[in-house]
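The listed protein sequences derive, respectively, from chains A and B. Position 156 of the first sequence, counting from 1, maps to 156 under my numbering, and the rest follow consecutively. In short: position in the second sequence from 1, add 550, done, that's my numbering. Virtual Cβ for every residue (Gly too), placed ideally from N, Cα, C.
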Amino acid sequence: MYQTFRQSMTWLHTWFGLVLGFVLIVVFFFGALSVFDREIDRWAQPATRFAPQPMPSFDHLLRPVFERITEPDPDAIELARSLVDGPLPEKYPVMDWSAYTTHRDPVLDVYVSFDLPNARNPDDHVHGHQTIDPRSGTQLPASDLKIGSEFFYPLHYSLHLEWMELGYWIVGFAALSMLAALVSGVVIHRKIFRELFTFRPQKQRQRVNLDLHNLTGVVALPFHFFFAFTGLVIFAGIYFPVSETQLHPLVEAHEQAAAAATGLPHDPAGIAAPLASVDAMVGDAQRRWAARGMGGDVGFLFVNHVGDANGYVSIYRAGTDRIALTGQGIHYKASTGALIREDPPETAIASVNEFLTGLHLQHFRHWLLRFLYLFGGLAGCVCIATGFLFFVEKRKQQHARDGVAGARIVDALAVATITGTLIAALSMLVANRLLPENLVDRDEWQKNVFWLTWLASGIHAFWRTTVVQDGESAPAWREQTLVVAVLAVAAPILNWLTTGDHLLVTLQARYWPVAGIDLFLLATGVLAGLVAHRLRRPALAHTRLAAMKS
Amino acid sequence: MVVTLSRIAAAVLGGYIFVWGVVALSIASLAAGGMDYDQAWTLAMLLAFLVYLLVFIWAFAARRLAIVWVVLLGGGAAMTLGAQLLVGGR
Numbered sequence: 001m002y003q004t005f006r007q008s009m010t011w012l013h014t015w016f017g018l019v020l021g022f023v024l025i026v027v028f029f030f031g032a033l034s035v036f037d038r039e040i041d042r043w044a045q046p047a048t049r050f051a052p053q054p055m056p057s058f059d060h061l062l063r064p065v066f067e068r069i070t071e072p073d074p075d076a077i078e079l080a081r082s083l084v085d086g087p088l089p090e091k092y093p094v095m096d097w098s099a100y101t102t103h104r105d106p107v108l109d110v111y112v113s114f115d116l117p118n119a120r121n122p123d124d125h126v127h128g129h130q131t132i133d134p135r136s137g138t139q140l141p142a143s144d145l146k147i148g149s150e151f152f153y154p155l156h157y158s159l160h161l162e163w164m165e166l167g168y169w170i171v172g173f174a175a176l177s178m179l180a181a182l183v184s185g186v187v188i189h190r191k192i193f194r195e196l197f198t199f200r201p202q203k204q205r206q207r208v209n210l211d212l213h214n215l216t217g218v219v220a221l222p223f224h225f226f227f228a229f230t231g232l233v234i235f236a237g238i239y240f241p242v243s244e245t246q247l248h249p250l251v252e253a254h255e256q257a258a259a260a261a262t263g264l265p266h267d268p269a270g271i272a273a274p275l276a277s278v279d280a281m282v283g284d285a286q287r288r289w290a291a292r293g294m295g296g297d298v299g300f301l302f303v304n305h306v307g308d309a310n311g312y313v314s315i316y317r318a319g320t321d322r323i324a325l326t327g328q329g330i331h332y333k334a335s336t337g338a339l340i341r342e343d344p345p346e347t348a349i350a351s352v353n354e355f356l357t358g359l360h361l362q363h364f365r366h367w368l369l370r371f372l373y374l375f376g377g378l379a380g381c382v383c384i385a386t387g388f389l390f391f392v393e394k395r396k397q398q399h400a401r402d403g404v405a406g407a408r409i410v411d412a413l414a415v416a417t418i419t420g421t422l423i424a425a426l427s428m429l430v431a432n433r434l435l436p437e438n439l440v441d442r443d444e445w446q447k448n449v450f451w452l453t454w455l456a457s458g459i460h461a462f463w464r465t466t467v468v469q470d471g472e473s474a475p476a477w478r479e480q481t482l483v484v485a486v487l488a489v490a491a492p493i494l495n496w497l498t499t500g501d502h503l504l505v506t507l508q509a510r511y512w513p514v515a516g517i518d519l520f521l522l523a524t525g526v527l528a529g530l531v532a533h534r535l536r537r538p539a540l541a542h543t544r545l546a547a548m549k550s
Numbered sequence: 551m552v553v554t555l556s557r558i559a560a561a562v563l564g565g566y567i568f569v570w571g572v573v574a575l576s577i578a579s580l581a582a583g584g585m586d587y588d589q590a591w592t593l594a595m596l597l598a599f600l601v602y603l604l605v606f607i608w609a610f611a612a613r614r615l616a617i618v619w620v621v622l623l624g625g626g627a628a629m630t631l632g633a634q635l636l637v638g639g640r
């Protein structure tokens with residue numbers, strides 16, 4: 001089918017890059033936003049605009065919180081219907097309690113796992129979850145959506161298509177295609193080093209597109225490869241579920257052996273037992289970390305087999321100062337507080353895995369790297385977007401002559417996934433500030449605004465790209481860019497009007513989560529305004545030309 | 551057109567079956583050799599997507615598509631069967 005290796009790689013790059021590019025640009029954009037997910041949460045949840053908090057006292061504060069979570073979340077119960085034979089149980093036995101926090105979290109997420117007695121697969125459990133103010137233990141309303149960590153972040157890896165984990169598979173396939181596009185892209189280009197320094201904005205449009213495509217692709221090549229690759233590794237268990245299927249007998253044997261070796265019981269004993277002071281265990285764990293010269297913030301706290309004689313408490317150090325989510329786990333017997341075991345140092349394989357996935361997820365403290373991630377992700381968006389534009393510019397005259405709709409469809413999809421995505425995300429932030437505080441299902445309404453504005457952008461994109469069929473430039477680009485500019489300026493103004501936290505206040509208080517988001521929004525607005533202004537000129541030139549001709 | 555579709559299917563589906571075989575057989579044989587299951591799993595998954603990328607590219611670059619299909623399907627089936635023998639043998 002192809003004469004040379006280079007031709008086959010060009011085909012692969014063009015077509016996989018095009019089709020999966022529409023997914024990838026969404027993944028890259030929301031991935032870039034997720035780097036600041038906690039900060040977006042603060043912007044969207046004014047009641048949580050206070051300093052990050054350490055893990056609170058378990059005995060005084062967390063235990064009553066856990067004890068009041070007596071049943072799974074409503075959507076978890078809905079999901080459980082498909083996992084059981086017959087009716088759902090009346091009561092869900094508690095299995096374990098856990099809480100996770102990082103150095104950027106003022107609020108705390110607490111989780112409870114419940115057994116599902118008549119589940120077809122005995123490994124299936126259901127979960128309850130609450131977000132609390134760790135200073136008081138009061139629950140935040142479940143309808144108070146964390147737009148950053150609960151909406152943009154899952155969109156980045158699951159597209160919010162939960163059915164059959166379809167979204168994960170689409171994103172995984174897109175990531176594999178990204179890796180293939182990077183390899184084939186390097187093969188196609190012969191002067192890769194020169195392209196690091198080539199950008200000629202004064203040249204014709206098609207040359208600019210390609211320069212920018214190569215520049216953003218090549219400069220950030222290690223970044224793009226790393227994130228696509230580690231993203232696949234993070235969800236490897238979904239993509240190759242060998243442990244749940246073919247190798248399941250090995251897993252069962254391994255779990256029993258591991259429980260025997262570590263002294264951490266795999267199953268409950270069935271005998272009720274009290275829970276000793278977990279605060280005392282935390283204090284002991286912190287002394288042991290201090291003896292190793294390590295900071296003592298608790299990142300993850302886990303109580304397994306709650307209320308059972310086999311219960312144990314695991315305390316993990318927060319990964320603030322190292323590339324890992326958590327580490328240095330220390331385990332205690334729940335009923336007595338006696339030390340069971342300290343986790344040994346990681347093996348080489350586990351360290352490599354922890355480093356790769358930890359570097360992707362970045363829960364550690366490194367603000368410079370955080371900004372590099374943001375710009376790396378946005379560079380990826382520019383790379384994919386210019387790829388679309390290059391595809392359209394290259395073909396639109398030919399397609400116009402042949403009466404083929406190809407270039408027009410690609411241009412419309414490009415508008416819908418580039419400016420359309422921006423419009424949807426910005427509209428959601430605007431809705432977050434405009435919807436009444438006491439609105440029922442306020443979280444669902446914000447999500448609806450996101451999806452509906454995205455849909456509207458898509459419809460507008462198809463409507464206002466018809467002229468591409470005549471070989472001209474679509475007005476959809478400029479119109480949607482103007483909408484982006486208006487929304488991006490409206491959001492910080494609405495934040496000011498509804499919370500009083502305008503930039504002078506937040507900058508003076510050095511409250512960066514909200515000040516940073518406001519500044520970023522304003523910069524987006526100004527940039528979009530400049531782009532819209534620039535996009536006006538070819539249209540004007542075109543009108544003048546038409547006027548001269550007539 | 552059919553050839554192109556066949557090539558895409560070979561890269562995506564043939565590649566998936568091949569990598570499944572690689573993953574299952576590496577974990578099963580490493581575990582049989584005494585390595586901890588979690589370690590074996592992690593090692594296999596770190597390599598899985600690099601192998602997938604290689605066979606994916608190869609499926610498009612190879613001259614003869616038939617060979618791609620034979621290697622990916624045959625190799626994938628053989629390795630999956632090998633893993634099954636190791637699991638069943640315990």
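(request) Would you mind listing the beta strand (DSSP E) stretches within the region 124-174 of chain A that are 3+ residues and don't spill past its ends, in chain order? (result) 125-132
(message) For VAL242 (chain A), would you say it is in contact with chain B, using Cβ-to-Cβ distances shorter than 8 angstroms as the test?
(response) Locating residue 242 (chain A) in the first sequence gives position 242, where the first residue counts as 1. Output row for VAL242 (chain A): interface = yes.
(request) Compute the Euclidean distance between the alpha carbons of LEU182 (chain A) and LEU176 (chain A), then round it to the nearest angstrom. (result) Here the question's residue 182 (chain A) lines up with position 182 in the first sequence. Here the question's residue 176 (chain A) lines up with position 176 in the first sequence. Distance between the alpha carbons of LEU182 (chain A) and LEU176 (chain A): 10 angstroms.
(request) Using 10 angstroms around the beta-carbon of MET629 (chain B), count the other beta-carbons present and answer buried if the total reaches 16, otherwise exposed. (result) Mapped onto the second sequence, residue 629 (chain B) falls at position 79. Label assigned to MET629 (chain B): buried.
(message) Please report the straight-line C-alpha distance between SER576 (chain B) and ALA633 (chain B), rounded to a whole angstrom.
(response) Position 26 of the second sequence, counting from 1, holds the residue named residue 576 (chain B). Position 83 of the second sequence, counting from 1, holds the residue named residue 633 (chain B). Near 8 angstroms, if we compare the C-alpha coordinates of ALA633 (chain B) and SER576 (chain B).
(message) Give me, in chain order, the residues of the same chain whose beta-carbon lies closer than 6 angstroms to that of LYS146 (chain A); leave out the 5 immediate sequence neighbours on both sides.
(response) For this step, residue 146 (chain A) is matched to residue 146 along the first sequence. These residues qualify, in order along the chain: ASP41.
(request) Could you please tell me which residues of the region 568-583 of chain B, in chain order, have their CB closer than 8 angstroms to any CB of chain A? (result) VAL569, TRP570, VAL573, ALA574, ILE577, ALA578 and ALA581
(message) Does the distance between the C-beta of TYR2 (chain A) and the nearest non-hydrogen atom of the ligand FMN fall short of 7 angstroms?
(response) Of ligands this structure carries none, so the ligand FMN is not represented either.
(request) Check each candidate in A:GLU437, A:PHE22 and A:PHE5 and name the one with the smallest Cα separation from ASP411 (chain A). (result) Stepping through the first sequence from its first residue, residue 411 (chain A) is reached at position 411. Among A:GLU437, A:PHE22 and A:PHE5, the Cα nearest to that of ASP411 (chain A) belongs to A:PHE22.
(request) Evaluate the contact criterion for the region 457-474 of chain A versus the region 381-397 of chain A: three or more CB pairs, one atom per stretch, below 8 angstroms. (result) yes
(message) With three or more beta-carbon pairs closer than 8 angstroms as the criterion, would you say the region 8-28 of chain A touches the region 160-173 of chain A?
(response) yes
(request) Measure the Cβ-Cβ separation of GLY148 (chain A) and LEU159 (chain A) and say whether it is below 8 angstroms. (result) By 1-based counting over the first sequence, the position of residue 148 (chain A) is 148. By 1-based counting over the first sequence, the position of residue 159 (chain A) is 159. Not a contact, by the Cβ cut-off of 8 angstroms.
(request) Compare the C-beta of ASN353 (chain A) against all C-beta atoms of chain B and say whether one is closer than 8 angstroms. (result) Taking the first sequence and counting its residues from 1, one reaches residue 353 (chain A) at position 353. For ASN353 (chain A), the answer is yes, since a Cβ of chain B falls inside 8 angstroms of its Cβ.
(message) Contact between the region 333-348 of chain A and the region 261-273 of chain A is defined here as three or more beta-carbon pairs at a separation below 8 angstroms; is this criterion met?
(response) yes
(message) Looking at the strands, I want to know which residues DSSP matches up with TYR511 (chain A).
(response) Residue 511 (chain A) sits at position 511 when you count from the first residue of the first sequence. Its beta-bridge partners do not exist; DSSP assigns none.
(request) Using the Cα positions of LEU603 (chain B) and PHE229 (chain A), report the straight-line distance between them to the nearest angstrom. (result) Taking the first residue of the second sequence as 1, we reach residue 603 (chain B) at position 53. Taking the first residue of the first sequence as 1, we reach residue 229 (chain A) at position 229. Rounded to whole angstroms, LEU603 (chain B) to PHE229 (chain A) spans 10 angstroms at the Cα level.
(message) List, in chain order, every chain A residue whose beta-carbon is nearer than 8 angstroms to that of VAL637 (chain B).
(response) Along the second sequence, one-based indexing puts residue 637 (chain B) at 87. What VAL637 (chain B) touches in chain A: GLN246, LEU247, PRO249 and LEU250.
(request) For MET164 (chain A), count neighbouring Cβ atoms within 10 angstroms of its own Cβ and tell me buried if that reaches 16, exposed if not. (result) Taking the first residue of the first sequence as position 1, residue 164 (chain A) is located at position 164. MET164 (chain A) is exposed by the Cβ-count criterion.
(message) Suppose the cutoff is 6 angstroms on Cβ atoms and the five residues either side in sequence are ignored; what does the same chain contact list for ASN304 (chain A) look like?
(response) On the first sequence, position 304 is the one that residue 304 (chain A) refers to. Hits under 6 angstroms: ASP96 and TYR312.
(request) Tell whether a beta-carbon distance below 8 angstroms holds between PHE371 (chain A) and GLY319 (chain A). (result) Walking along the first sequence from the start, residue 371 (chain A) turns up at place 371. Walking along the first sequence from the start, residue 319 (chain A) turns up at place 319. Result no, Cβ atoms of PHE371 (chain A) and GLY319 (chain A) do not sit closer than 8 angstroms.
(request) Output the distance between the C-alpha atoms of PHE30 (chain A) and LEU155 (chain A), rounded to the nearest integer angstrom. (result) Here residue 30 (chain A) is taken as the residue at index 30 of the first sequence, counted from 1. Here residue 155 (chain A) is taken as the residue at index 155 of the first sequence, counted from 1. Distance between the alpha carbons of PHE30 (chain A) and LEU155 (chain A): 7 angstroms.
(request) Buried or exposed for LYS91 (chain A), please, with buried defined as at least 16 other CB atoms from any protein chain shown within 10 angstroms of its CB. (result) Sequence index remark: in the first sequence, residue 91 (chain A) carries index 91 (1-based). Its Cβ having fewer than 16 others within 10 Å, LYS91 (chain A) is exposed.
(request) With a 10 Å radius around its C-beta and 16 neighbouring C-beta atoms as the bar for buried, classify VAL242 (chain A) as buried or exposed. (result) By one-based count along the first sequence, residue 242 (chain A) stands at place 242. VAL242 (chain A) is buried by the Cβ-count criterion.
(request) Just the chain A side, please: which residues come within less than 8 angstroms of ALA560 (chain B) by C-beta, in chain order? (result) Mapped onto the second sequence, residue 560 (chain B) falls at position 10. Residues of chain A passing the Cβ test: none, with the nearest at roughly 12 angstroms.
(message) Short of 6 angstroms in beta carbon distance, which residues of its chain neighbour TRP551 (chain A), apart from the five on each side in sequence? Order them along the chain.
(response) Outside the displayed range of chain A (1 to 550) lies residue 551 (chain A), so it cannot be described from this structure.
(request) Quick one: residues in its chain with C-beta nearer than 8 angstroms to the C-beta of ALA47 (chain A), no 5 flanking neighbours on either side, listed in chain order? (result) As a working mapping, residue 47 (chain A) is identified with position 47 in the first sequence. Taken in chain order, the residues that qualify are LEU140 and ASP144.
(message) Just to make sure I have the definition right: I need the residues of chain B whose C-beta is within less than 7 angstroms of the C-beta of LEU567 (chain A). Which are they?
(response) What the structure shows of chain A is the stretch from 1 to 550, and residue 567 (chain A) is not part of that stretch, so it cannot be assessed.
(message) 8 angstroms is my cut-off, CB to CB: does LEU631 (chain B) come that close to chain A?
(response) In the second sequence, residue 631 (chain B) corresponds to position 81, counting from 1. Answer no: the Cβ-Cβ gap between LEU631 (chain B) and chain A never drops below 8 angstroms.
(message) Cβ closer than 8 angstroms: which chain B residues qualify as neighbours of HIS254 (chain A)?
(response) Taking the first sequence and counting its residues from 1, one reaches residue 254 (chain A) at position 254. Near HIS254 (chain A) (Cβ distances below 8 angstroms), the residues of chain B are ALA581, ASP586, TYR587 and ASP588.
(message) For ARG63 (chain A), tell me which candidate among A:PRO274, A:GLU252, A:GLN206 and A:PRO222 has the shortest Cα-Cα distance.
(response) Translated into positions along the first sequence, residue 63 (chain A) becomes position 63. Checked all of A:PRO274, A:GLU252, A:GLN206 and A:PRO222; the closest Cα to ARG63 (chain A) is A:PRO274.
(message) Between which residues of its own chain and ASP279 (chain A) is the CB-CB distance below 7 angstroms, once the five residues before and five after are set aside?
(response) Position 279 of the first sequence holds residue 279 (chain A). Answer for ASP279 (chain A): SER57, PHE58 and ASP59, listed in chain order.
(message) Which residues in chain A have a C-beta closer than 7 angstroms to the C-beta of LEU523 (chain B)? List them in chain order.
(response) Given that chain B is displayed from residue 551 to residue 640, the structure contains no residue 523 (chain B) and the question cannot be resolved.
(request) Within the same chain, show all residues whose beta-carbon is closer than 6 angstroms to that of PHE302 (chain A), passing over the 5 residues directly before and after it, in chain order. (result) Residue 302 (chain A) sits at position 302 when you count from the first residue of the first sequence. Counting only Cβ-Cβ distances below 6 angstroms, and skipping sequence neighbours, we find SER98 and SER314.
(message) Since PRO122 (chain A) and VAL637 (chain B) should fall inside the 8 angstroms C-beta cutoff, what is the C-beta to C-beta distance between them, to a whole number of angstroms?
(response) For the purposes of this step, residue 122 (chain A) is taken as residue 122 along the first sequence, with counting starting at 1. For the purposes of this step, residue 637 (chain B) is taken as residue 87 along the second sequence, with counting starting at 1. About 20 angstroms separates the two Cβ atoms, so there is no contact after all.
(request) Starting from the C-beta of TYR157 (chain A), find all residues in its chain whose C-beta is less than 6 angstroms away, skip the five residues before and the five after it, and write them out in chain order. (result) Residue numbering aside, residue 157 (chain A) sits at position 157 when the first sequence is read from its first letter. Answer for TYR157 (chain A): VAL171, listed in chain order.
(request) Taking VAL183 (chain A) as the query, report the chain B residues whose CB atoms sit under 8 angstroms from its CB, ordered along the chain. (result) Within the first sequence, numbered from 1, the residue matching residue 183 (chain A) stands at position 183. In chain order: LEU603 and ILE607.
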